[in-house]
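S.K.: Protein sequences appear in the order of chains A and B.
Take 1 as the starting number for the first sequence in our numbering and just add one per residue.
Take 1001 as the starting number for the second sequence in our numbering and just add one per residue.
Glycine is no exception: its CB is placed at the ideal position from the N, C-alpha and C atoms.
All of these numbers come straight from a predicted model, not from anything done at the bench.
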Amino acid sequence: MKENSRRIGCLFVLIGLLSLSTIGSAQVSIDHFSLALSALPLTSEDRILAAIGAGLSQDRFPAARMLQLTQQIVTIPGSVEEKEGILILIARTIEEGLPADGMIEKGFALAAALGEGLPIKAIIQETLKWFTQRAPLSSIEYGISRRLLLLRAVRDLLFEKEIFSLPPGAPQTVPTALPEPRFNELLLQISDEVGDYLDGGGSPFEGEVLRTQVINRLARLKGDVIRGSDVNLICDNITASDLTRVALAALSQPTE
Amino acid sequence: MVKGEFDELLRDALHNEVKDAAGSLQGLEARIASELEGRLPRLRPSDRFRQLLAPTRAGRIGQLAVIGATAAAFLFLGVFIAHRTSLLPGPEQLAPSLSASANREVLFVVPALDAKQVAVVGDFNGWEATPLSDDNHDGIWTANIPLSPGRYEYAFIIDGRWWGQDPLADEYVSSFGQYSSVRYVGGGGDGA
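(1) Please identify the residue among Ser44/A, Ser191/A, Gln133/A and Met66/A whose C-alpha is closest to the C-alpha of leucine 157/A.
(2) When you check each C-beta in the stretch 213–224 of chain A against every C-beta of chain B, which residues fall closer than 8 Å?
(3) Residue range of the beta strand (DSSP E) that threonine 1142/B falls in?
(4) Report all residues from its chain with a CB closer than 6 Å to the CB of serine 203/A; omit the five preceding and five following residues, and keep chain order.
(5) With three or more beta-carbon pairs closer than 8 Å as the criterion, would you say the stretch 1172–1179 of chain B touches the stretch 239–253 of chain A?
(6) With a 10 Å radius around its C-beta and 16 neighbouring C-beta atoms as the bar for buried, classify proline 1149/B as buried or exposed.
(7) For tryptophan 1162/B, which residues does DSSP report across the bridge?
(8) In whole angstroms, what is the alpha-carbon distance linking aspartate 199/A and phenylalanine 1176/B?
(9) Cβ atoms of tryptophan 1141/B and aspartate 1134/B: under 7 Å apart, would you say?
(10) Answer with yes or no whether the minimum CB distance from glycine 200/A to chain B is below 7 Å.
(11) Which residues in the same chain have their Cβ closer than 8 Å to the Cβ of glutamate 84/A, if we skip the five residues on either side of it in sequence?
(12) Going by beta carbon distance, what residues of the same chain come within less than 6 Å of valine 28/A, once the five residues before and after it are set aside?
(13) So the candidates are Ile94/A, Ala113/A and Leu114/A; which of them puts its Cα closest to the Cα of phenylalanine 131/A?
(14) State buried or exposed for phenylalanine 205/A, treating a residue as buried only when at least 16 other CB atoms are found within 10 Å of its CB.
(15) At the level of alpha carbons, what is the spacing between aspartate 242/A and glutamate 160/A?
(16) Any residues in the stretch 1099–1128 of chain B with a beta carbon nearer than 7 Å to a beta carbon of chain A? Which ones, in chain order?
(17) Hey, would you say isoleucine 120/A sits closer than 7 Å to glutamate 82/A, going by beta carbons?
(18) Inspect the CB distances between the stretch 1124–1134 of chain B and the stretch 165–172 of chain A and report whether three or more fall short of 8 Å.
(19) Which residues, in order along the stretch 115–128 of chain A, keep a beta-carbon less than 7 Å from a beta-carbon of chain B?
(20) Tell me, please, whether the CB atom of aspartate 242/A is closer than 7 Å to any CB atom in chain B?
(21) Please work out which residues of its chain come closer than 6 Å, Cβ to Cβ, to glycine 207/A, disregarding the five sequence neighbours upstream and downstream, and give them in chain order.
(22) Mind checking who proline 1111/B pairs with in its DSSP beta bridge?
(23) Using a threshold of 7 Å, state whether the C-beta atoms of leucine 1132/B and valine 1121/B are closer than that.
(24) Do you know how far the Cα of glycine 143/A is from the Cα of leucine 149/A?
(25) Comparing C-alpha positions only, which one of Arg1161/B, Ala1102/B and Pro1111/B sits nearest to proline 1167/B?
(26) Beta carbon of valine 214/A, beta carbon of glutamate 193/A: below 7 Å?
(27) Compare the Cα-Cα distances from proline 212/A to each of Ile234/A, Arg227/A and Gly201/A and report the closest residue.
(28) Contact defined as beta carbons within less than 8 Å: I believe tyrosine 1152/B pairs with arginine 220/A. What is the distance between those atoms, to the nearest angstrom?
(29) With 16 as the cutoff for other CB atoms within 10 Å, does leucine 128/A come out buried or exposed?
(30) Can you tell me which of Leu110/A, Val174/A, Glu96/A and Asp230/A puts its alpha carbon nearest to the alpha carbon of leucine 151/A?
(31) Does the Cβ of glycine 223/A have 16 or more other Cβ atoms within 10 Å, making it buried, or fewer, making it exposed?
(32) Roughly how many whole angstroms lie between the Cα atoms of isoleucine 140/A and leucine 118/A?
(33) Taking 7 Å as the CB-CB cut-off, is aspartate 46/A touching chain B?
(34) Excluding the 5 residues preceding and the 5 following asparagine 232/A in the sequence, name in chain order all residues of the same chain whose CB lies nearer than 6 Å to its CB.
(35) Tell me, please, whether the CB atom of threonine 43/A is closer than 7 Å to any CB atom in chain B?
(36) Looking at chain B, is there any beta carbon in it that lies within less than 7 Å of the beta carbon of aspartate 196/A?
Right under this line is the structure:
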């Protein structure tokens, strides 16, 4: 009798826990997202909310995780354009009728990079291109991870060469200390070029070819987008073997 | 009538004819030029594109290059002088920013004779379609898009099919087995 009562008690506890978790996930509604996003001046808020609304109506949509990401995006430092870009990637995934859980995790990785001050706008654009090319979702997710690895590898390379970014307002004491927007522009262009080179089937071992492509790209942007002195800084400090190392690092490391 | 007298009469008649018509011939060249000018069709972007591809292309590109180089020299001189005289903000405020620079109209043009819908997708529109138009139905589709200086990847979508190798592109990139075109606007690029 006592044993039966204990069993019934355990059953009730189990049912209670299940009910709580169901209520917990059901508690996430579109209003929570609407409230969280109201803190950002988004240009595509309606589209993002419509996509999240569609996601919420799906059985396996990780609503709580998505809300967590949304709240994190609102609070991290970074440009609104890039924050909105992360949300657009998830919206695009849902719009395409694809499962969003993997892209939400990539959203966390992108948000972390943005929080570190890394420029992620080129990765967002690249990902949108892959969606339009109708690339498989798993390849898109892998591509995001590889581009993030490249971004960090190029940043580390620049640091290694003592090329670094200054905090806002700090005076430029040495030529290799660049204001953050100039540093980030170099970082974005170099890592994006290496990514394009690898995506196009280029070999990381042909460092001279890779270096020529990187320098050509910077040279074409010289003037309106990148200062000539910053291009020279890269020409003088970054070698073919440096870029081979960066490319190999991006190819060999396990993805996030 | 002897032959010499007939010739004399004929010459006099012709002389009088020409003399009478002289008034109406005055300014004839200018009138023809004016008439022709009025009859010339207005050039649309697609016509200009064809002119660029015409046999005299080398000459036109040469002219464009001279104009471009002159403009760039003046621009450089202006920026240099302004910078020297502290008319421009400091280095940290001069940070590269696409949004801070003036937009330029960039012509996207693609021949697609029997197409029903043509659009351009690129990193200037979030890879979502901006339609091209072919108002006179000659199969040349065009769109002018204002772009800030920078590097832009793009492709055309012709009746739903990806078409990434624009002959007017500065270079091409490949991903997932499909090419995209790249245009540089401003800076060292000649996309605009």
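M.R.: According to the structure shown:
(1) Your numbering for residue 157/A matches position 157 in the first sequence. Ranking the options by Cα distance to leucine 157/A, first place goes to Ser191/A.
(2) Those would be Arg217, Ala219, Arg220, Leu221, Lys222, Gly223 and Asp224, in chain order.
(3) Here residue 1142/B refers to the residue found at position 142 of the second sequence. Judged by DSSP secondary structure, threonine 1142/B falls within the beta strand (DSSP E) whose first and last residues are 1140–1147.
(4) Taking the first sequence and counting its residues from 1, the one referred to as residue 203/A is at position 203. Counting only residues of its own chain and dropping the five nearest sequence neighbours on each side, serine 203/A has no CB closer than 6 Å to any other CB.
(5) They do not touch, by the three-pair rule.
(6) The count along the second sequence starts at 1 and reaches residue 1149/B at position 149. That one is buried.
(7) Mapped onto the second sequence, residue 1162/B falls at position 162. Residue pairing by DSSP puts tryptophan 1162/B in a beta bridge opposite Ile1157/B.
(8) Residue mapping note: residue 199/A aligns to position 199 of the first sequence, counting from 1. Residue mapping note: residue 1176/B aligns to position 176 of the second sequence, counting from 1. Between aspartate 199/A and phenylalanine 1176/B, the C-alpha separation is close to 8 Å.
(9) Start at 1 with the first residue of the second sequence, and residue 1134/B comes out as number 134. Start at 1 with the first residue of the second sequence, and residue 1141/B comes out as number 141. Less than 7 Å separates the beta-carbon of aspartate 1134/B from that of tryptophan 1141/B.
(10) Translated into the one-based positions of the first sequence, residue 200/A becomes position 200. Interface residue, yes.
(11) Your numbering for residue 84/A matches position 84 in the first sequence. These residues qualify, in order along the chain: Leu40, Leu42, Thr43, Ser44 and Ile48.
(12) In the first sequence, residue 28/A corresponds to position 28, counting from 1. Contacts found: Ala63, Ala64 and Leu67.
(13) Taking the first residue of the first sequence as 1, we reach residue 131/A at position 131. If we check each option's Cα against that of phenylalanine 131/A, Ile94/A comes out closest.
(14) If you number the first sequence from 1, residue 205/A lands on position 205. So phenylalanine 205/A counts as exposed.
(15) Counting from 1 along the first sequence, the entry for residue 242/A is found at position 242. Counting from 1 along the first sequence, the entry for residue 160/A is found at position 160. The straight-line gap from Cα to Cα measures roughly 10 Å.
(16) Cβ contacts with chain A come from Ser1101, Val1121, Asp1123, Gly1126 and Trp1127.
(17) As a first step, residue 120/A is located in the first sequence; it is residue number 120 there, counting from the start. As a first step, residue 82/A is located in the first sequence; it is residue number 82 there, counting from the start. Yes.
(18) Cβ pair count under 8 Å is below three, so no.
(19) Residues are counted here when their Cβ sits less than 7 Å from a Cβ of chain B; for the stretch 115–128 of chain A these are Gln125 and Leu128, given in chain order.
(20) Position 242 of the first sequence holds residue 242/A. Between aspartate 242/A and chain B, the shortest Cβ-Cβ separation is not below 7 Å.
(21) Translated into positions along the first sequence, residue 207/A becomes position 207. These residues qualify, in order along the chain: Ala240, Ser241, Leu243 and Thr244.
(22) Here residue 1111/B corresponds to residue number 111 of the second sequence, with the count starting at 1. For proline 1111/B, which the question treats as bridged, DSSP gives the partners Ile1140/B.
(23) Reading the second sequence from its first residue, position 132 is the one you call residue 1132/B. Reading the second sequence from its first residue, position 121 is the one you call residue 1121/B. Note that the C-beta distance between leucine 1132/B and valine 1121/B is not below 7 Å.
(24) Taking the first residue of the first sequence as 1, we reach residue 149/A at position 149. Taking the first residue of the first sequence as 1, we reach residue 143/A at position 143. Distance between the alpha carbons of leucine 149/A and glycine 143/A is about 10 Å.
(25) Indexing the second sequence from 1 puts residue 1167/B at position 167. Put simply, of Arg1161/B, Ala1102/B and Pro1111/B the residue whose alpha carbon is nearest the alpha carbon of proline 1167/B is Pro1111/B.
(26) The residue you call residue 214/A lines up with position 214 of the first sequence. The residue you call residue 193/A lines up with position 193 of the first sequence. Yes, they are a contact pair.
(27) For the purposes of this step, residue 212/A is identified with residue 212 of the first sequence, where counting begins at 1. Checking the sequence, you will find threonine at residue 212/A rather than proline. Ranking Ile234/A, Arg227/A and Gly201/A by Cα distance to threonine 212/A puts Ile234/A first.
(28) Working through the second sequence from its first residue, we reach residue 1152/B at position 152. Working through the first sequence from its first residue, we reach residue 220/A at position 220. Here tyrosine 1152/B is actually not in contact with arginine 220/A; their C-beta atoms are around 12 Å apart, not less than 8 Å.
(29) Taking the first sequence and counting its residues from 1, the one referred to as residue 128/A is at position 128. So leucine 128/A counts as buried.
(30) Position 151 of the first sequence, counted from the start, is the residue given in the question as residue 151/A. Its Cα nearest to that of leucine 151/A, the residue Leu110/A stands out among Leu110/A, Val174/A, Glu96/A and Asp230/A.
(31) Within the first sequence, numbered from 1, the residue matching residue 223/A stands at position 223. Residue burial annotation: glycine 223/A is buried, with at least 16 other C-beta atoms found within 10 angstroms of its C-beta.
(32) Within the first sequence, residue 140/A is the residue found at index 140, counting from 1. Within the first sequence, residue 118/A is the residue found at index 118, counting from 1. Rounded to the nearest angstrom, the two C-alpha atoms are 20 Å apart.
(33) Start at 1 with the first residue of the first sequence, and residue 46/A comes out as number 46. Taking 7 Å as the CB threshold, aspartate 46/A stays off the interface with chain B.
(34) Locating residue 232/A in the first sequence gives position 232, where the first residue counts as 1. Excluding sequence positions up to five before and after asparagine 232/A, its CB lies less than 6 Å from no other CB in the same chain.
(35) In the first sequence, residue 43/A corresponds to position 43, counting from 1. False, the Cβ-Cβ gap to chain B never drops below 7 Å.
(36) In the first sequence, counting from the first residue as 1, residue 196/A sits at position 196. By this cut-off, aspartate 196/A is an interface position.
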